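For the sequence shown, the positions run -21 to -1, 1 to 235 when mature numbering (1 follows the signal peptide of the UniProt record, and there is no 0) is used.
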Amino acid sequence: MNIIGISGLIIVAYFSGACSAWKPLSPEETLFTYTRCMEDIAAGDLELAKKWMIWQVEEDPKTACYVKCVVVGLGLFDNSSKTFKGDHILEQYEKYKQYTSQDEAGVKEFQKAVQDLKIVRSSNCLTLLKRYLPVHAKFTDVEQNVFFGKKEITDKIYSSDDPAEVKRDFHMINVADKDAAVDNALNNCKVKEATKATDYNDCLWKDPNLKDLMMPVFDYREVRSESYLHYILNPEPYDVAKVKEKVKKYDKDAGC
């Protein structure tokens, strides 16, 4: 199970540490699970990775261990108790449901199907895969909707003007002192329903406290959404000069 990106494998830029209380996974946290599992298990086998990118699951040893890695990372399987868990599936869906067309009934069916798998006799990769495979086959579309398996979902999230998402974009370029400015710009923005997204963006770009930072924010967003493979090849902190070079390359490739 993995994601299709514009230019290949979709990778995230950072690792999020463990938290004492569970909360819905962000796109970056979820995609980190997929891509770290892919990196560890595919071990350079691009043809196998391509199958995972289109959610094609077969009963081979590497795919079995990839699936195990993913379901553990998403919280669908507890390795210590050898138990499938559906506890947080609905909560994950609720957090981002406005970005999908997924209905709640389908999510509840998926949740029940996972919970009904219960305990497996062994946490061996192939044993786990054989247990989970019927659920995956039946609920692939729901999995993709809940756990960011469709590019259009992450695109909507990245292009939204949810204050939390805008603030996160600033945080990812190492700017952590503009949260109040973001709130102020969005709260005082005069918008029309038909042009809401454009109006909000205009307000952010024109705000005196934010305008000089908006280009770096959008450049880095483009790098994250266009080529997350960059981060698996170059796992390093945000660097404005390198991001600009990546954006120039995208523009050149696109004929801009």
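A virtual CB, placed ideally from N, CA and C, is assigned to each residue, including glycine.
All values derive from a computational prediction rather than experimental measurement.
Residues in its own chain within less than 8 Å of residue i by CB, not counting five upstream and five downstream?
| i | result |
| --- | --- |
| residue 42 | 27, 30, 31, 36, 108 |
| residue 110 | 63, 96, 99 |
| residue 167 | 182 |
| residue 76 | 83 |
Could you give the first and the last residue of the continuous alpha helix (DSSP H) run that contains residue i?
| i | result |
| --- | --- |
| residue 92 | 83 to 94 |
| residue 254 | This structure cannot speak to residue 254, because the chain is shown only from -21 to 235. |
| residue 71 | 68 to 75 |
| residue 112 | 104 to 125 |
| residue 171 | No alpha helix (DSSP H) contains residue 171, which DSSP labels as neither H nor E. |
Helix, strand or coil: which one does DSSP assign to residue i?
| i | result |
| --- | --- |
| residue 224 | helix |
| residue 62 | strand |
| residue 98 | strand |
| residue 159 | helix |
| residue 206 | The predicted position of residue 206 is uncertain, since its pLDDT is 45 and thus under 50; no value can be drawn from it. |
| residue 32 | helix |
| residue 131 | helix |
| residue 151 | coil |
| residue 37 | coil |
| residue 240 | For the chain, the structure presents residues -21 to 235; residue 240 sits outside this window and is missing. |
| residue 190 | helix |
| residue 42 | helix |
| residue 166 | helix |
Return the chain-ordered list of same chain residues with a C-beta closer than 6 Å to the C-beta of residue i, the five sequence neighbours on each side being excluded.
| i | result |
| --- | --- |
| residue 129 | 123 |
| residue 133 | 6, 127 |
| residue 101 | none |
| residue 145 | 161 |
Bridge partners for residue i per DSSP, in chain order?
| i | result |
| --- | --- |
| residue 57 | 62 |
Among residues of its own chain, excluding the 5 on either side of residue i, which ones have a beta-carbon nearer than 7 Å to its beta-carbon?
| i | result |
| --- | --- |
| residue 52 | 12, 16 |
Using the Cα positions of residue i and residue j, report the straight-line distance between them to the nearest angstrom.
| i | j | result |
| --- | --- | --- |
| residue 181 | residue 58 | 48 Å |
| residue 159 | residue 147 | 13 Å |
| residue 3 | residue 67 | 8 Å |
| residue 18 | residue 170 | 44 Å |
| residue 112 | residue 162 | 45 Å |
| residue 188 | residue 151 | 17 Å |
| residue 61 | residue 80 | 32 Å |
| residue 20 | residue 69 | 29 Å |
| residue 193 | residue 85 | 39 Å |
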